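Student: What follows is a single structure, and I will ask about it in a moment.
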């Protein structure tokens, strides 16, 4: 069973969209719950995206993709 | 700042710089930081994130907007035995602190007969592409490389950024650390994926004064600085589709300049294109071409430079994008060289 990596609703205050500015681990590698795996940028401020579970990361949204709160950007299985 | 813990982790240049500075601050209490918004905010380019929280306001000093004052203070502190790392937020602002840089930082050691070292690092952002106007978008590599007495480095990826920063802080000489905004991984101009690379967790140095061959090739040498390396790598992939094998050299250090690596590469390929986002005339591009020419390396075609036209950087997006170096311009420069060989 895999866990979806969802952009948390409380990561930033407004409802603006964000852009993915980095993936800090490669697709297909293993991550541990709580690891920082990506960075998102909203209006020049960067936010950290943490792994919600341990397992193998499958990236669904790439760097430079625009995402909203609640979007699924990766799966961990 | 949350640490990246995963195995095979990658870092942005911004995070790599912050990690290097933090590690050196833990080892050496003489290392401290000054600059505008480098404290709680972590730097507008993200390269001092986490330092204020770990080391406090005594060692991570947010300054008023007076480069004249805090860069002058850093030169004084360094001349007195401290190891300041200071940030000139945009290199374009150098004018108000150039006496401290040009006449004191670079020369104090010589004026003092070698009895005083000035072990400071001045880190500063370069580059444009996002319509920030002619006073926030320049590279000015040559302006700093020109003056004897300082070392100048300019990384194109996170591995080199961490290693060059560590070497710069440990070096007893003043070092200018020039980082390109588009490569920081901060999303200011989109993100250059190839600047985000694997970075070891332990401390290591990338030697000051050593270029890297980023891609091997046989038909043409493309020498790049920061963004120019990434344009060069993209051009090399386009040229490969045309059956041309391009070698890409990342200069990494402007001073000391690794002429030997460039010369050896051009001896092999016989063709040279130099890519720099700094202005066309009187720049690093000319220095590289002269360095190869004056030792008499035989060349199959006249060397070419792909640099910024000799104009103040336009604010208007279409005009600015027209002026910037690009992979396309490198491919065209190569086509021009081949044309002259017929």
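Residue numbers (the numbering used here), protein chains in the order written: chain A, 1 to 77; chain B, 1001 to 1342.
Glycine included, each C-beta is placed from N, C-alpha and C at the ideal position.
Bear in mind that the values here come from a model prediction, so they are computed numbers and not experimental data.
Can you list the beta strand (DSSP E) stretches of 3 or more residues lying completely in the stretch 1306-1333 of chain B, in chain order?
Tutor: Runs of the beta strand (DSSP E) inside the stretch 1306-1333 of chain B: none found.
Student: Who are the near neighbours of residue 1331/B in its chain, counting only those whose CB is closer than 7 Å to its CB and skipping five residues on each side?
Tutor: Taking the first residue of the second chain as 1, we reach residue 1331/B at position 331. Counting only Cβ-Cβ distances below 7 Å, and skipping sequence neighbours, we find 1235, 1238 and 1239.
Student: Could you have a look at residue 1215/B and say whether DSSP puts it in helix, strand or coil?
Tutor: The count along the second chain starts at 1 and reaches residue 1215/B at position 215. Note: residue 1215/B maps to strand in three-state DSSP.
Student: Taking residue 1025/B as the reference, give the member of 1242/B, 1165/B and 1325/B with the closest Cα.
Tutor: Along the second chain, one-based indexing puts residue 1025/B at 25. The candidate whose alpha carbon is nearest that of residue 1025/B is 1165/B.
Student: Beta carbon of residue 1028/B, beta carbon of residue 1083/B: below 8 Å?
Tutor: Position 28 of the second chain holds residue 1028/B. Position 83 of the second chain holds residue 1083/B. Yes, the pair counts as a contact, with Cβ atoms nearer than the cut-off.
Student: May I ask which residues mark the beginning and end of the beta strand (DSSP E) holding residue 1080/B?
Tutor: On the second chain, residue 1080/B is found 80 positions in, with the first residue counted as 1. Element bounds for residue 1080/B: n/a, residue is neither H nor E.
Student: Along the beta strand (DSSP E) that carries residue 1279/B, what are the first and last residues, could you check?
Tutor: The residue you call residue 1279/B lines up with position 279 of the second chain. Residue 1279/B -> beta strand (DSSP E) spans 1272-1279.
Student: Taking 8 Å as the threshold (beta carbon to beta carbon), is residue 1010/B in contact with chain D?
Tutor: No chain D appears in the structure shown, which is made up of the protein chains A and B.
Student: For the alpha helix (DSSP H) containing residue 1291/B, list its first residue and its last residue.
Tutor: As a working mapping, residue 1291/B is identified with position 291 in the second chain. From DSSP, the alpha helix (DSSP H) with residue 1291/B extends over 1284-1293.
Student: Measuring CB to CB, does residue 1161/B end up less than 8 Å from residue 1144/B?
Tutor: Within the second chain, numbered from 1, the residue matching residue 1161/B stands at position 161. Within the second chain, numbered from 1, the residue matching residue 1144/B stands at position 144. In this structure, residue 1144/B does not lie closer than 8 Å to residue 1161/B by Cβ.
Student: Give the interface partners of residue 76/A over in chain B, defined as CB-CB distance under 8 Å, in chain order.
Tutor: Within the first chain, numbered from 1, the residue matching residue 76/A stands at position 76. Going along chain B, no residue has its Cβ under 8 Å from residue 76/A, so there is no contact; the nearest lies around 11 Å.
Student: Do residue 1049/B and residue 1018/B have their CB atoms nearer than 8 Å?
Tutor: Locating residue 1049/B in the second chain gives position 49, where the first residue counts as 1. Locating residue 1018/B in the second chain gives position 18, where the first residue counts as 1. In contact: residue 1049/B and residue 1018/B (Cβ atoms closer than 8 Å).
Student: List, in chain order, every chain A residue whose beta-carbon is nearer than 7 Å to that of residue 1193/B.
Tutor: For the purposes of this step, residue 1193/B is identified with residue 193 of the second chain, where counting begins at 1. The contacting residues are 63.
Student: How many Å lie between residue 61/A and residue 1080/B at the Cα?
Tutor: One-based indexing of the first chain puts residue 61/A at position 61. One-based indexing of the second chain puts residue 1080/B at position 80. If you take the alpha carbons of residue 61/A and residue 1080/B, they lie about 51 Å apart.
Student: At a CB distance below 8 Å, what residues from the stretch 1043-1062 of chain B approach chain A? Give them in sequence order.
Tutor: Listed by position, the residues of the stretch 1043-1062 of chain B near chain A (Cβ gap below 8 Å) are 1044 and 1046.
Student: Rounded to whole angstroms, what's the CA-CA distance from residue 1341/B to residue 1272/B? Just pull it up for me.
Tutor: For the purposes of this step, residue 1341/B is taken as the residue at position 341 of the second chain. For the purposes of this step, residue 1272/B is taken as the residue at position 272 of the second chain. Rounded to the nearest angstrom, the two C-alpha atoms are 14 Å apart.
Student: Evaluate residue 1339/B with the Cβ neighbour count: other Cβ atoms within 10 Å of its Cβ, from every protein chain shown; 16 or more gives buried, anything less gives exposed.
Tutor: Walking along the second chain from the start, residue 1339/B turns up at place 339. Exposed: under 16 other Cβ atoms inside 10 Å.
Student: Residue 1274/B: which of 1009/B, 1334/B and 1066/B sits nearest, CA to CA?
Tutor: The residue you call residue 1274/B lines up with position 274 of the second chain. It is 1334/B.
Student: Just to confirm my understanding: we take residue 28/A, look at its own chain, exclude 5 residues before and 5 after, and list those with CB closer than 8 Å. What are they?
Tutor: Here residue 28/A refers to the residue found at position 28 when the first chain is read from its first residue. The residues are 56, 57 and 58.
Student: Taking its Cβ as the centre, do 16 or more other Cβ atoms sit within 10 Å of residue 1319/B, making it buried, or is it exposed?
Tutor: The count along the second chain starts at 1 and reaches residue 1319/B at position 319. With fewer than 16 Cβ atoms within 10 Å of its Cβ, residue 1319/B is classed as exposed.
Student: Could you spell out where the beta strand (DSSP E) holding residue 39/A opens and where it closes?
Tutor: Counting from 1 along the first chain, the entry for residue 39/A is found at position 39. Where residue 39/A is concerned, the enclosing beta strand (DSSP E) stretches over 36-42.
Student: According to DSSP, simplified to helix, strand and coil, what is residue 1114/B?
Tutor: Residue 1114/B sits at position 114 when you count from the first residue of the second chain. Three-state DSSP puts residue 1114/B in coil, outside helix and strand.
Student: Smallest Cα separation from residue 1134/B: which of 1326/B, 1309/B, 1327/B and 1191/B?
Tutor: On the second chain, residue 1134/B is found 134 positions in, with the first residue counted as 1. Nearest C-alpha to residue 1134/B: 1309/B.
Student: Look up residue 1055/B in the DSSP assignment and say whether it is helix, strand or coil.
Tutor: Translated into positions along the second chain, residue 1055/B becomes position 55. Correct three-state label for residue 1055/B: helix.
Student: Mind pulling the chain A residues with CB within less than 7 Å of residue 1196/B?
Tutor: Locating residue 1196/B in the second chain gives position 196, counting from the first residue. Near residue 1196/B (Cβ distances below 7 Å), the residues of chain A are 22.
Student: Does residue 27/A come within less than 8 Å of chain B when only Cβ atoms are used?
Tutor: Position 27 of the first chain, counted from the first residue, corresponds to residue 27/A. Answer no: the Cβ-Cβ gap between residue 27/A and chain B never drops below 8 Å.
Student: Which bits of chain A does residue 1186/B rub up against, with CB to CB less than 7 Å?
Tutor: Within the second chain, numbered from 1, the residue matching residue 1186/B stands at position 186. Going along chain A in sequence order, the residues near residue 1186/B (Cβ under 7 Å) are 21, 41 and 46.
Student: Let's test the definition: count the other Cβ atoms within 10 Å of the Cβ of residue 1328/B and tell me whether it reaches 16, buried, or not, exposed.
Tutor: Against the second chain, residue 1328/B aligns to sequence position 328. Result: exposed.
Student: Looking at the unbroken alpha helix (DSSP H) that takes in residue 1265/B, where does it start and where does it end?
Tutor: On the second chain, residue 1265/B is found 265 positions in, with the first residue counted as 1. From DSSP, the alpha helix (DSSP H) with residue 1265/B extends over 1259-1269.
Student: What residues of chain A sit near residue 1190/B, judged by a beta carbon separation below 7 Å?
Tutor: Stepping through the second chain from its first residue, residue 1190/B is reached at position 190. Per Cβ cutoff of 7 Å: 64.
Student: Take residue 1218/B and list the residues in its own chain whose beta-carbon comes closer than 8 Å to its own, dropping the five residues that flank it on each side.
Tutor: The residue you call residue 1218/B lines up with position 218 of the second chain. Correct list, in chain order: 1245, 1247, 1268 and 1269.
Student: Any chance the CB of residue 1191/B is under 7 Å from a heavy atom of the ligand SAM?
Tutor: The ligand content of the structure shown is nil, which means the ligand SAM is not present either.
Student: Less than 7 Å between C-beta atoms, sequence neighbours within five positions excluded: which residues of the same chain meet that for residue 1147/B?
Tutor: For the purposes of this step, residue 1147/B is taken as the residue at position 147 of the second chain. Hits under 7 Å: 1102 and 1106.
Student: Do the stretch 1193-1210 of chain B and the stretch 1167-1174 of chain B meet, that is, are 3 or more Cβ pairs less than 8 Å apart?
Tutor: Contact holds: three or more Cβ-Cβ distances are below 8 Å.
Student: If we cut at 8 Å on Cβ distances, does residue 1004/B have a partner in chain A?
Tutor: For the purposes of this step, residue 1004/B is taken as residue 4 along the second chain, with counting starting at 1. Taking Cβ atoms only, chain A reaches closer than 8 Å to residue 1004/B, which makes this a yes.
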